[in-house]
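**Q** Chains as they are written, first to last, in our numbering: chain A, 1 to 174; chain B, 1 to 172.
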């Protein structure tokens, strides 16, 4: 509101235009060190917490459909907005020349999305047990709310046994 | 301004130091969910919109210099001086060890041709073998409206094929 000379604010005006505006500011929304503040709508802010989960353990599968390894994950549960930067990856190899491996991500919670090749880190071995390590980093859409992201794995380009280690999942929600 | 005991703020002072400061705060700048609030200069905050472009289908090229494919993959974003960019896709080449690269051409407020320095690259020892991944980095550019457009090349010749093509931009 705009002040006018010689006109006092009422308590209600101060509470709405003073107190409530201060309570909507970024420093009022902040609760956790290392988080960041993004827009939640018109004149509205919300805090998001970047997260990473790394599983160093090696696991193998001969499944040609996306599946868990003996040790599940990497996985993260966090509150997201409608979009998030997601990075998935790890180290992988296949025991058969010409065959390959894929790492993708499944989402559950307010969002339901199966792991898919269109959203995967993938490589096809030229020779037996060629090793690849890298990531697939993209922006994914979500239904805002609490979402669980879990890496899924498969042998691809024909099968074989794929081995995965150094499995990385990183999410920065907007 | 700093308040002083016994001195009442005038309406003009209140409007300048209270109202006008609130009007440039993060909450005042926010318009839509899911956007970033970043500095645009001294005491200035702006809203930035992350964006992503994706093309699933396969296109090919025999060009050894960066070129377009039949289907374009690009995004437009209003940016500051820096953006986080992720580019990539699935690459194969019909000739062993000839490889393929996905680069990034920028136009608009910035003019920059695709180069190997900012590219996702794969070169596998067998013809037709596939690798899919991304190259993620921070790129400095001229602030303003910029077009981020993928470019492709067969590194040493052959026919390189590209699918699942991705460009994601987080402007700062």
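Every residue, glycine too, gets a C-beta built ideally from N, C-alpha and C. Computed from a predicted model, the values in this text were never measured in an experiment.
Cβ atoms of residue 87/A and residue 123/A: under 8 Å apart, would you say?
**A** Within the first chain, the letter at position 123 stands for residue 123/A. Within the first chain, the letter at position 87 stands for residue 87/A. No. Outside cutoff.
**Q** Based on the DSSP secondary-structure assignment, which residues constitute the bridge partners of residue 70/A?
**A** Looking up residue 70/A in the first chain gives position 70. Paired residues: none, contrary to the question.
**Q** Within the 8 Å Cβ cut-off, does residue 164/A reach chain B?
**A** Stepping through the first chain from its first residue, residue 164/A is reached at position 164. Chain B, which has no Cβ nearer than 8 Å to the Cβ of residue 164/A, makes this no.
**Q** From the DSSP output, in three-state form, read off residue 58/B for me.
**A** Taking the second chain and counting its residues from 1, the one referred to as residue 58/B is at position 58. Coil, per DSSP.
**Q** Could you please give the first and the last residue of the uninterrupted alpha helix (DSSP H) stretch that includes residue 29/B?
**A** Counting from one through the second chain, the residue named residue 29/B turns up at place 29. Unbroken alpha helix (DSSP H) run through residue 29/B: 26-29.
**Q** In angstroms, rounded to a whole number, what distance separates the CA positions of residue 128/A and residue 130/B?
**A** By 1-based counting over the first chain, the position of residue 128/A is 128. By 1-based counting over the second chain, the position of residue 130/B is 130. Roughly 15 Å separates the two Cα atoms.
**Q** What are the boundary residues of the beta strand (DSSP E) that includes residue 94/A?
**A** Within the first chain, numbered from 1, the residue matching residue 94/A stands at position 94. Looking at the DSSP string, the run of the beta strand (DSSP E) that includes residue 94/A is 83-94.
**Q** Start and end of the beta strand (DSSP E) containing residue 14/A?
**A** Here the question's residue 14/A lines up with position 14 in the first chain. From DSSP, residue 14/A is part of no beta strand (DSSP E) but of the alpha helix (DSSP H) over 11-14.
**Q** Answer with yes or no whether the minimum CB distance from residue 165/B to chain A is below 8 Å.
**A** Along the second chain, one-based indexing puts residue 165/B at 165. So no, residue 165/B is outside the interface.
**Q** Just to confirm, is the Cβ distance from residue 80/A to residue 132/A under 8 Å?
**A** Locating residue 80/A in the first chain gives position 80, counting from the first residue. Locating residue 132/A in the first chain gives position 132, counting from the first residue. No, the pair does not count as a contact, with Cβ atoms beyond the cut-off.
**Q** In the DSSP output, what is residue 127/B paired with across the bridge?
**A** Mapped onto the second chain, residue 127/B falls at position 127. According to DSSP, which records beta bridges pairwise, residue 127/B is partnered with nothing at all.
**Q** Using 8 Å as the threshold, is the C-beta distance between residue 147/B and residue 87/B below it?
**A** Counting from one through the second chain, the residue named residue 147/B turns up at place 147. Counting from one through the second chain, the residue named residue 87/B turns up at place 87. Not in contact: residue 147/B and residue 87/B (Cβ atoms no closer than 8 Å).
**Q** Could you tell me whether the Cβ atoms of residue 61/B and residue 160/B are closer together than 8 Å?
**A** Your numbering for residue 61/B matches position 61 in the second chain. Your numbering for residue 160/B matches position 160 in the second chain. In this structure, residue 160/B lies closer than 8 Å to residue 61/B by Cβ.
**Q** Kindly indicate if chain B contains any beta-carbon less than 8 Å away from that of residue 52/A.
**A** Numbered from its first residue, the first chain carries residue 52/A at position 52. So no, residue 52/A is outside the interface.
**Q** Taking CB distances under 8 Å as the criterion, tell me whether residue 101/B reaches chain A.
**A** Stepping through the second chain from its first residue, residue 101/B is reached at position 101. It does not; no Cβ of chain A falls within 8 Å.
**Q** Would you kindly check if the distance between the Cβ of residue 153/A and the Cβ of residue 96/A is under 8 Å?
**A** Here the question's residue 96/A lines up with position 96 in the first chain. Here the question's residue 153/A lines up with position 153 in the first chain. Their beta carbons are not under 8 Å apart, which means residue 96/A does not touch residue 153/A by this criterion.
**Q** My output table needs one value for residue 42/B: the three-state DSSP class, helix, strand or coil.
**A** Counted from its first residue, the second chain places residue 42/B at position 42. If DSSP states are grouped into helix, strand and coil, residue 42/B belongs with coil.
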